[in-house]
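With our numbering applied, the sequence shown has no gaps in its numbers, which climb one by one up to 744 at the end. A short worksheet on the structure shown next.
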Amino acid sequence: MESPKRKPGCPLQLVTLNMDAKKCEVNEDALGRLEKRLKEMGAKMVAIVSVMGAFRTGKSFLLDLFLRFLKWEADHPEEAAAARSESQPARGGNEDFPLPAWITTAGANIEGASEDDEGFRFKGGMDACTEGIWVWSEPFLRQLNGQEVAVLLMDTQGAWDSNMTKEQSATVFGLTAVLSSKQIYNINMQIQEDKVENLAYFMRFAQAELNKAASEMEREGKPLSREEIDRPFQSLDFLVRDWRHFRDDWTVEQCMEQMQQHLSRHVNPQKMVENSTAEALHAMFKRLQCFCLPHPGLIIEKDTWTGKVADINRDFIRFMDLYVRDVFTTGLSTKNILGSELSTMSFPHVLRNFVDAFHDAAPAAMSFTQAMTNCTVLLAKEAAMKSFIKKMDEEASRNPRGMKPEEFTSISRTVTQQVEDDYKSMTIFGSDDTRKDTWTEICKNLDNLRQRYEEDNARRLEKALVAFANISLIGLALFLLDRISDWTCDWWSQTCTDLSKLMLLAYVLIFGYVGVQAYLALHDRGRVAAAMAGGELWKEMVRLMGLYGELLQEMELKEVPGWLKEQALNLYNQATGGAASSDSKNKKD
Numbered sequence: 156m157e158s159p160k161r162k163p164g165c166p167l168q169l170v171t172l173n174m175d176a177k178k179c180e181v182n183e184d185a186l187g188r189l190e191k192r193l194k195e196m197g198a199k200m201v202a203i204v205s206v207m208g209a210f211r212t213g214k215s216f217l218l219d220l221f222l223r224f225l226k227w228e229a230d231h232p233e234e235a236a237a238a239r240s241e242s243q244p245a246r247g248g249n250e251d252f253p254l255p256a257w258i259t260t261a262g263a264n265i266e267g268a269s270e271d272d273e274g275f276r277f278k279g280g281m282d283a284c285t286e287g288i289w290v291w292s293e294p295f296l297r298q299l300n301g302q303e304v305a306v307l308l309m310d311t312q313g314a315w316d317s318n319m320t321k322e323q324s325a326t327v328f329g330l331t332a333v334l335s336s337k338q339i340y341n342i343n344m345q346i347q348e349d350k351v352e353n354l355a356y357f358m359r360f361a362q363a364e365l366n367k368a369a370s371e372m373e374r375e376g377k378p379l380s381r382e383e384i385d386r387p388f389q390s391l392d393f394l395v396r397d398w399r400h401f402r403d404d405w406t407v408e409q410c411m412e413q414m415q416q417h418l419s420r421h422v423n424p425q426k427m428v429e430n431s432t433a434e435a436l437h438a439m440f441k442r443l444q445c446f447c448l449p450h451p452g453l454i455i456e457k458d459t460w461t462g463k464v465a466d467i468n469r470d471f472i473r474f475m476d477l478y479v480r481d482v483f484t485t486g487l488s489t490k491n492i493l494g495s496e497l498s499t500m501s502f503p504h505v506l507r508n509f510v511d512a513f514h515d516a517a518p519a520a521m522s523f524t525q526a527m528t529n530c531t532v533l534l535a536k537e538a539a540m541k542s543f544i545k546k547m548d549e550e551a552s553r554n555p556r557g558m559k560p561e562e563f564t565s566i567s568r569t570v571t572q573q574v575e576d577d578y579k580s581m582t583i584f585g586s587d588d589t590r591k592d593t594w595t596e597i598c599k600n601l602d603n604l605r606q607r608y609e610e611d612n613a614r615r616l617e618k619a620l621v622a623f624a625n626i627s628l629i630g631l632a633l634f635l636l637d638r639i640s641d642w643t644c645d646w647w648s649q650t651c652t653d654l655s656k657l658m659l660l661a662y663v664l665i666f667g668y669v670g671v672q673a674y675l676a677l678h679d680r681g682r683v684a685a686a687m688a689g690g691e692l693w694k695e696m697v698r699l700m701g702l703y704g705e706l707l708q709e710m711e712l713k714e715v716p717g718w719l720k721e722q723a724l725n726l727y728n729q730a731t732g733g734a735a736s737s738d739s740k741n742k743k744d
């Protein structure tokens, strides 16, 4: 399927965080606009990359560089594919790192440096530009693990600044953690113990609630796997900005090794004895890594900087090029909640549930547990419906002319049982009553779907012989021509006699073939169904006679043989599965 044309896009404020009123709310207008665009894009799954951190650490600047990369890859797919296989020039020489195409092609200035809405707005100086949680209005379609996924970019209010309490900061982090496929924690200069502790505040809260729910479900005989509980969140990157410790003569590999050493020094539970913070982070995220970016240049910090690309330090661009490719290729996956993938359809509902859980701008145990329950129930319902539709569509494709009523009933029961077996293996965050109530609601939805498939099957049965309308029409035409030849030329022309014999053989075979199909319909589906199928066949023949009559009136006489040849070829293709058309096309080529 061809992707819809990409629109320019702009920042949308999805979530507002009112410090004075201590309220966390969804911006329904912005969410509705994003939901509409997700439907237009056509992707079924979603991946979310979020950036968070303190004020004035360059989050929005980073996201604008992400935007530039994603736009370039979307607009230049062939060049992007070639660039992925190219290696960077070696670091440590005297030459500047050449600007990559994704930096230069989009223009001389970075978006967002001015007051317009061209990007995630940022400026040097002390004014904070981001309030609440923002997302880029235009999703980016990318291939992840063989499926097309809508990638969203999220920008969050600077956490842990002087205006926010610890609970409010945990709200920002908690929302981005539960919503993100990849969460980037933007830190200035180095990983610091207080910054790591801020992350762990919410982690311990979430882990305690998950363990509590797991214990309750285990007592009810519905245990969650330790993998689902121990690592419920996906990926966390510590992105250290303005890193000053790369030596000029080091290779990229040596710099990467230093990054890993820095991560181990601060968040490796094996090296940090009795460090519950490090243990909490490793216990909650499936992937934890550190990446360091050197300073982009002093001019970037000035309030008067206009976003000129040439002003950015080349070593910064080198490492930014490495990082952005990791974020959107090897380091990214679809968003999932306790093992269930998040679809573009369910994303708005999941967002509302978790924002409600943090409604008072502080994490609350009861609200968080309820949000997890609502989201896993929602995803389980969606997965069950998709599974039922997929299996029934497969059965319908194997029986294009319909199934006998008793056969349809048997197949639909088998499919429902398969869906129920799949449902039993899904993670539902809640009590046994929650699972039972959820399955009851799913059964109601499946009954509605089953009714639609049953009606569709009845229509297929009625039209079981419609596919033979063209060939039946040819048989009728040959019969009439044979009768005409009997009266006009068979008695004096041997050629007419020979043609009459050929026509007789042709329409006898045609009527015999259609008659066998009609008998099979009578035998398999009963007298009423066969009579209805015969009636539909006759109506289709009448319709085609009128259509062909109009076409012949509009055509010139010399065009008729070619049209007849084309119709004959189409009929042959229907009988042989399209082999003739492909052979003919190959001969032309």
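All C-beta atoms in this analysis are idealised placements derived from N, C-alpha and C, irrespective of residue type, glycine included.
request  = Grab the span of the alpha helix (DSSP H) containing E180 for me, first residue to last.
outcome  = It is not in any alpha helix (DSSP H) - E180 instead sits in the beta strand (DSSP E) that spans 178 to 181.
Quiz item: Under 8 Å between the Cβ atoms of F252 and I472?
Solution: yes
Taking just the CA atoms, how far does R553 sit from F393? 51 Å
Grab the span of the beta strand (DSSP E) containing P232 for me, first residue to last.
Unbroken run through P232 is the alpha helix (DSSP H), 232 to 239; no beta strand (DSSP E).
Practice prompt. Could you give the DSSP three-state label for G213: helix, strand or coil?
Written response: coil
Would you say R172 and G329 are within 8 Å of each other, going by their C-beta atoms?
Correcting the residue type first, residue 172 is Leu in the shown sequence and not Arg. In this structure, G329 does not lie closer than 8 Å to L172 by Cβ.
Problem set entry | Opposing strand residues paired with D392 [DSSP bridges] | DSSP links D392 through a beta bridge to I339, Q444.
| request: Buried or exposed for D271, please, with buried defined as at least 16 other CB atoms from any protein chain shown within 10 angstroms of its CB. | output: Only weak support is given to the placement of D271: the predicted model assigns it a pLDDT of 49, under 50, and the value that follows is read from those uncertain coordinates. Burial call: exposed.
Apart from the five residues on each side of it in sequence, which residues of its chain come closer than 7 Å, Cβ to Cβ, to E303?
Closer than 7 Å at the Cβ level, and outside the excluded window around E303, lie A198, L296.
Please report the straight-line C-alpha distance between C410 and T484, rounded to a whole angstrom.
Each residue's Cα considered, the two are about 21 Å apart.
Using the Cα positions of A624 and Q708, report the straight-line distance between them to the nearest angstrom.
-> 21 Å
For this session: From the DSSP output, in three-state form, read off N300 for me.
Result: coil
- prompt: Any idea if K599 is buried or exposed, counting beta-carbon neighbours within 10 angstroms, 16 or more meaning buried?
  reply: exposed
*How is S169 classed by DSSP in three states: helix, strand or coil?*
Checking the displayed sequence, the identity of residue 169 turns out to be Leu instead of Ser. The answer is strand: DSSP assigns L169 an E or B state.
* **Buried or exposed (CB count within 10 angstroms, at least 16 for buried), R480** => buried
Do you know how far the Cα of S419 is from the Cα of C179? 35 Å
Identify which residue in Q413, V395, Y578, S390 has its Cα closest to the Cα of S488. S390
- [ ] Note down, in chain order, each residue of its chain lying with its Cβ closer than 7 Å to the Cβ of V290, except the 5 sequence neighbours on either side.
- [x] L167, L169, L189, L307, L308, M309
| L699 versus G486: straight-line alpha-carbon distance, rounded | 57 Å
- Taking the alpha carbon of E186 as the point to measure from, which residue in L225, G701, T643, S292 has its own alpha carbon closest? Reading off the sequence shown, one finds Leu at residue 186, where the question assumed Glu. The residue among L225, G701, T643, S292 with its C-alpha nearest the C-alpha of L186 is S292.
- prompt: Alpha carbon to alpha carbon, what distance is there between A438 and V428?
  reply: Because V428 sits at a pLDDT of 45, beneath the cut-off of 50, its placement in the model cannot be relied upon, and the following sentence gives the value as read from the coordinates. Using only the alpha carbons, I get a separation of about 16 Å.
Note to self: Counting C-beta neighbours from all protein chains within 10 Å, is the total for R402 16 or more, i.e. buried, or is it exposed?
What the structure shows: exposed
Task: P387 to I203 span [Cα, whole Å] - done: 15 Å
message = Tell me whether the segment 633 to 650 and the segment 565 to 582 touch, counting them as touching only if at least three CB pairs, one residue from each stretch, are closer than 8 Å.
response = No contact exists between the segment 633 to 650 and the segment 565 to 582.
Query raised in the report: Does the separation of the CB atoms of A245 and W227 fall below 8 Å?
Result: no
| message | If contacts are defined as beta-carbon pairs under 8 Å, then K536 and T593 qualify, I think. What distance do you get, rounded to the angstrom? | response | 7 Å
Check: Which residues mark the beginning and the end of the alpha helix (DSSP H) in which S567 is found?
Finding: 560 to 579
Checklist entry - Thinking just about the alpha-carbon of each residue, which of Q298, A632, T643, S627 is nearest to the one in G670? => result S627
So, helix, strand or coil for G208, using DSSP?
Three-state result, G208: strand.
Open item on the list: Measuring straight from C-alpha to C-alpha, what distance separates N468 and H450?
Closed with: Their Cα atoms are separated by approximately 7 Å.
Requested in this report: Measuring alpha carbon to alpha carbon, tell me which of M558, P503, S242, Q444 ends up nearest K194.
Outcome: It is P503 whose Cα lies nearest to the Cα of K194.
Quiz prompt | As assigned by DSSP and simplified to three states, the class of S498 | solution = strand
### Query
Excluding the five sequence neighbours on either side, which residues of its own chain have a C-beta within less than 7 Å of the C-beta of F666, listed in chain order?
Here the set comprises G630.
- Looking at the unbroken alpha helix (DSSP H) that takes in W647, where does it start and where does it end? That residue, W647, is in no alpha helix (DSSP H); it is neither H nor E in DSSP.
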